Amino acid sequence: MDDRDRVDLSALDAANDSRRWEAVVAATLARVDVVIAARGPDPLTLIASWSKPLTLAALAAIAVLVPIEIMLEQREAEVEKVERLVELSTESAVGQRQPTGADLLRIIATEGLQ
Amino acid sequence: MAQSDAELVAAVRGGSREAAGRLAERYLRATRAVALAIVRNVAAAEDVCQDAFVQSIERIADCRDPDRYGAWLLQIVRNRSRNHLRDEPAARALPLDAHPTVSAEPSPHQSAERAEIRERILAALEELSEHRRVILLLHDLEGWTHLEIAERLEMPHGTVRSHLHYARKQLRALLRELEE
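Chains as they are written, first to last, in our numbering: chain D, 706 to 819; chain Z, 17 to 196.
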C-alpha cells in the first residue's frame with residue numbers, strides 16, 4: 706500500500722482557496738497573539754528566568770561577605786590580644802610585679818593559636 | 017534543523033509568538049483535515065480548527081508531554097469537532113455553497129465543478145467510520161505518513177495501515193455508486 710493507491714481528495718484541499726485559507730491562518734494567529742500577550746510566561750519559565758540573576762547575586766554576595774568575615778575574624782583576634790595585655794597589666798599593677806618578656810610573648814603567641 | 021515540538025512548546029510557554037506560528041505552520045492544515053473528517057463541512061471545520069488551535073495555546077501549560085503536542089492538539093480537535101456536531105447538528109446539512117469563499121481565483125464554472133466533487137466526496141465520507149475518515153484525510157489529503165498518523169492518533173501502526181486500506185476501498189466504491 707503506497708502513494709499509487711492514494712484517493713484523489715484534492716477537492717477538499719485548503720490550497721484550492723488559498724486566500725480563504727490564508728485568512729483562516731491570519732485570524733488564528735491574531736487570536737494566538739492576544740492569548741500570548743495576555744498570559745505572559747508561565748511560573749516555571751519565570752523561575753527559570755530568575756535563576757541566572759539569583760545565582761549571580763549570590764556569587765556577588767559571597768565575593769563581598771567572605772573577605773569581610775576574614776577581616777572581622779582578624780580584628781577579633783587583635784581585640785582579644787589587647788584585652789589580654791590589659792589583663793596582664795592589671796594583674797601586674799595589683800601584684801606589683803613587672804610582666805616578663807615570656808609573659809608578653811605568650812600573649813602575642815596566642816594570636817596564632819586562635 | 018527544524019525545532020522539535022517540545023522546543024516550540026517550551027518557547028510558547030515562555031511567550032514566543034514566533035514559536036506559536038511555527039506550530040500553526042506544522043499543524044493547522046492537519047487540524048483542519050481532522051475537523052473536516054468529523055464535521056464534514058468546510059466552513060465549520062475551519063472554525064473548529066481555529067478554535068482548537070487557539071485553545072491549545074491557551075492551555076499550553078496543560079500539555080504534559082510537549083514532545084507529543086501533535087497528538088494532544090489532534091485530541092482537542094476531535095473533541096471540539098464532536099461537540100460541534102452535538103451542539104450544532106444543523107451545520108452538517110448546510111451545503112458548501114452556503115459558505116461563499118473570499119477567493120476569486122477559479123472561474124465560476126471551475127468553482128461549481130469543484131464544489132460538486134467536494135460534495136460528492138463529503139457525502140461518501142459520511143458512510144465511513146470516524147477513524148477511517150480521519151486517517152484517510154491525514155494520509156491522502158495532508159500527506160502524513162503511517163508512522164506520523166500512528167504517533168499522533170496514538171494507535172498501532174498496523175491499525176493505521178488497515179484502516180487506510182479499508183477506507184480507500186470503501187470510499188472508491190461509494191464514489192462509484194454516487195457517480196452512477
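Positions of the beta carbon are idealized from the N, C-alpha and C atoms, including for glycine.
Owing to the predicted nature of the structure, the values given are computational and were not obtained by experimental measurement.
Apart from sequence neighbours up to five positions away, the residues of its chain that approach residue 73 of chain Z with a beta-carbon distance below 7 Å are 28, 36, ordered along the chain.
Remark: C-beta atoms of residue 150 of chain Z and residue 180 of chain Z do not approach each other more closely than 8 Å. Residue 178 of chain Z: member of the alpha helix (DSSP H) spanning 173 to 195, first to last residue. Membership of residue 734 of chain D in the alpha helix (DSSP H) is indicated by the continuous run 723 to 744. Note that the C-beta distance between residue 24 of chain Z and residue 50 of chain Z is not below 8 Å.
Of all residues in the region 125 to 138 of chain Z, only 130, 133, 134, 137 come within less than 7 Å of chain D when Cβ atoms are compared, listed by chain position.
The region 138 to 156 of chain Z makes contact with the region 51 to 70 of chain Z, as at least three CB pairs between them are under 8 Å. Shown here, residue 66 of chain Z sits in a helix according to DSSP, grouped into three states.
The three-state reading of DSSP puts residue 712 of chain D in coil, since its state is none of H, G, I, E or B. At a cut-off of 8 Å between beta carbons, residue 719 of chain D contacts chain Z. Residue 726 of chain D sits buried, since 16 or more C-beta atoms from the chains shown fall within 10 Å of its C-beta. Contacts with chain Z at 8 Å (Cβ-Cβ) do not include residue 759 of chain D.
Residue 730 of chain D places its beta carbon less than 8 Å from that of residue 40 of chain Z. Using a Cβ-Cβ cut-off of 8 Å, residue 93 of chain Z does not count as an interface residue toward chain D, since no Cβ of chain D sits closer than that to its own.
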